Each structure stands twice: as C-alpha cells, then as structure tokens.
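Below is one structure; the comments refer to it alone.
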Amino acid sequence: MRWRVVLGGLVGLLLPLPLIFLLSALLQPKQPEMHHEGKRVSPVLDTEERTRRETYRRECGTSQECEPPLGCVFDARISAWYCTDSQCATDAECLEDQRCQRIATEGDGPLVRFCVPVGRRKEGERCYELPGTKDAACAAGLVCAGQGGWCARPCGLDVSGTCPEGFSCVGTALEPVCLPTCEEKGCPTGQQCVRHEEGGSACAEVYGTPCQQTPCPETQECDVDQIPEQPGKVWMVCRERCGEGLPACSEGKVCDGWRCKPACTPQEATGCGEGYRCEKRRPGRPYACQPDW
Numbered sequence: 148m149r150w151r152v153v154l155g156g157l158v159g160l161l162l163p164l165p166l167i168f169l170l171s172a173l174l175q176p177k178q179p180e181m182h183h184e185g186k187r188v189s190p191v192l193d194t195e196e197r198t199r200r201e202t203y204r205r206e207c208g209t210s211q212e213c214e215p216p217l218g219c220v221f222d223a224r225i226s227a228w229y230c231t232d233s234q235c236a237t238d239a240e241c242l243e244d245q246r247c248q249r250i251a252t253e254g255d256g257p258l259v260r261f262c263v264p265v266g267r268r269k270e271g272e273r274c275y276e277l278p279g280t281k282d283a284a285c286a287a288g289l290v291c292a293g294q295g296g297w298c299a300r301p302c303g304l305d306v307s308g309t310c311p312e313g314f315s316c317v318g319t320a321l322e323p324v325c326l327p328t329c330e331e332k333g334c335p336t337g338q339q340c341v342r343h344e345e346g347g348s349a350c351a352e353v354y355g356t357p358c359q360q361t362p363c364p365e366t367q368e369c370d371v372d373q374i375p376e377q378p379g380k381v382w383m384v385c386r387e388r389c390g391e392g393l394p395a396c397s398e399g400k401v402c403d404g405w406r407c408k409p410a411c412t413p414q415e416a417t418g419c420g421e422g423y424r425c426e427k428r429r430p431g432r433p434y435a436c437q438p439d440w
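Following our numbering, the numbering of the sequence shown begins with 148 at its first residue and continues without gaps.
Quick look at the structure:
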C-alpha cells in the first residue's frame with residue numbers, strides 16, 4: 148500500500164507542472180523577434196501585455212527609455228515621439244492602399260511594423276516613416292529610410308551598380324538602401340552639402356549653427372533637423388540633451404522634447420534668429436525657439 152501512496156503523491160506533484168510551465172511562458176515578457184536580415188522586430192502585443200508595460204505610449208527620446216520589446220518612434224500624424232510595439236504583422240491586416248511596413252526606431256531599438264499608405268513620393272524625395280497622408284509617403288517599391296527620411300530602393304552593400312547615378316548604397320537602421328549624395332558634384336551658391344548620420348548627403352540652405360563645418364563642444368552633438376515639406380532647408384544646432392537623469396540646461400535655455408533650446412518670449416519676435424520662431428510645441432510646454440516650418 149505504501150508504494151501506492153508514494154506514487155499517488157508523486158503524480159499529485161507532477162500534474163501541475165505543465166500548467167506552471169504554461170503560465171510561466173505566458174507571463175514571460177515578449178522579446179523582439181529576429182528579422183531575416185538580423186534586425187530585431189517588435190511583435191504585436193495584446194492588450195494585457197501592453198497594459199503591463201509602464202512606458203507603452205509614453206513620450207521618449209530613445210528606445211533605451213522604452214521597455215522591451217517596445218521601440219521609440221516619431222509619429223508624424225501627431226508630431227510626437229512615443230514607445231510602441233508593432234501594430235501589424237502582414238499587409239492583410241492593413242486597409243486598402245496601405246502596407247505593413249517595418250520602421251526603424253530611435254537609438255538602436257527594435258524595428259516596429261505599422262500600416263502606412265502607399266504614397267506618391269519618388270526616389271530621393273523626403274518622407275515620413277509614419278505619414279498621415281499619401282502625399283508624405285513613398286511610392287510602391289520604395290521605403291522611407293535613413294536619418295530624416297528618404298524614399299529609397301533597397302540595395303546590396305556588396306553588389307555594385309544597384310543604385311542610380313547620384314546615389315550610393317548605405318546601410319541604415321532599417322536596411323541597406325540607395326541614398327542621394329552631393330559630395331562629389333557640390334552644391335549651388337547659398338547651399339551646403341549636408342551629411343546625414345546614416346550616410347547620404349543633400350544640398351540645402353542651412354539655418355542655425357553650421358556645426359558640420361564648425362565642430363560643437365565635446366559635450367554636445369551636431370543636430371540636423373529637416374522636414375519633407377521643405378526639402379531644400381535644414382536646421383542645425385549643437386545639441387544639449389536634457390530630461391530625467393540628465394544635467395539641467397545651461398542659462399538662457401529650457402528643456403523641450405529632450406533637448407535644451409533657447410528660451411524666448413512671444414513678444415520678442417526677432418529674438419530667435421532667421422529660420423526660427425518663438426512658440427510652444429504643445430500646451431504645457433515652455434516657449435522656446437523652434438525651427439520655422
């Protein structure tokens with residue numbers, strides 16, 4: 148009889164184990180899946196998984212401020228940075244005339260997938276990775292990639308002749324693509340050949356501090372801003388990072404959108420310099436000199 152009691156006890160102990168393993172797997176945080184080119188891609192989380200993450204849809208400056216498997220993206224539809232997972236897995240989940248597109252996140256985070264319009268912008272034109280309309284989105288066969296957003300065709304880094312004249316194959320956070328370059332041809336008078344972080348360059352009129360020609364102090368970085376609506380203009384500044392856990396801004400500057408910017412008052416219309424204006428990015432933010440776009 149004793150062996151039956153022992154056997155019954157062992158069975159009673161072992162029966163819950165599959166349930167324990169199942170619950171453990173369900174509670175385990177989802178990690179980014181691997182894309183075929185070795186890039187991490189955030190999965191689509193369910194409502195409960197999103198709720199468990201404190202940083203979900205929170206404002207961010209880099210993906211390091213987001214809990215895995217979230218990444219920090221800029222959403223041009225609402226003009227904001229926030230932490231998010233993928234919102235689709237295949238084109239079939241998107242509306243007609245949309246595609247489920249991989250998007251690079253800020254600061255070496257995972258790629259995320261969003262439904263974006265199949266647009267009208269041609270190769271070499273500026274774009275938004277998360278556009279609100281077709282007018283700011285790339286045409287079929289092109290992706291929005293590279294720092295600042297370029298409509299580009301994918302290419303092979305080790306394959307010659309995959310890009311047209313005036314373009315070069317560059318490895319970006321999304322994938323290798325053909326980006327425009329102006330370093331050999333030069334630019335018209337009044338414009339500079341502006342280099343971009345992930346490679347590629349374009350002629351543009353520069354507002355602010357031309358920090359690619361005049362280096363910034365060691366503690367600062369040269370920041371280049373632009374928007375697709377004004378392709379021939381860029382705004383440069385020596386960037387000071389700010390926010391939680393970072394030093395306070397220097398005198399005369401305020402922290403806005405994780406950057407220290409010159410403080411201003413609306414009454415001093417010319418206090419910000421050419422190409423800038425004094426405004427709040429949104430209610431609750433301080434007045435600061437912002438690019439005039």
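Beta carbons are placed, not taken as given, at the ideal position from N, Cα and C, and that holds for glycine. Computed from a predicted model, the values in this text were never measured in an experiment.
query	result
Completely contained beta strand (DSSP E) runs for the segment 305 to 393, where each covers 3 or more residues	314 to 318, 323 to 327, 339 to 342, 348 to 355, 368 to 372 and 380 to 386
Residue span of the beta strand (DSSP E) that contains E426, given as start and end	Y423 to E426
Residues that DSSP places opposite I225 in a beta bridge	According to DSSP, I225 bridges with nothing at all.
Among T309, R267, A299 and C241, the one whose alpha carbon lies nearest that of D282	R267
Under 8 Å between C-beta atoms of R386 and Q359	no
Proximity of E425 and K408 at Cβ, strictly below 8 Å	Rather than Glu, the amino acid found at residue 425 in this sequence is Cys. Going by C-beta atoms, C425 is not nearer than 8 Å to K408.
Beta-carbon proximity of E312 to A292, cut-off 8 Å	no
Which listed residue (P364, C419 and P335) has its alpha carbon closest to that of W382	C419
Three-way DSSP call (helix, strand, coil) for A410 in this model	strand
Sufficient close CB pairs (3 or more, under 8 Å) joining the segment 210 to 217 to the segment 237 to 244	no
DSSP state of C396 mapped onto helix, strand, coil	coil
Inter-residue Cα distance where the pair is L192 and Y229	16 Å
Residues that V220 bridges to, as DSSP identifies them	Y229
Selected residue, minimal CA-CA separation from V259, among T237, G279 and T412	T237
Distance between V384 and C411 (C-alpha atoms, nearest Å)	16 Å
Cut-off 8 Å between Cβ atoms - residues of its own chain near Q373, not counting five sequence neighbours on either side	R273, G295, A351, K380, V381 and W382
DSSP state of Y434 mapped onto helix, strand, coil	coil
Local conformation of A283 per DSSP, three classes	helix
Counted within 10 angstroms of its Cβ, other Cβ atoms place R406 as buried (16 or more) or exposed	buried
Bridge-paired residues (DSSP) for W297	R273 and A292
Extent of the continuous alpha helix (DSSP H) run through R197	T194 to T198
Buried versus exposed call for R204 [16 or more other C-beta atoms within 10 Å across all chains shown]	exposed
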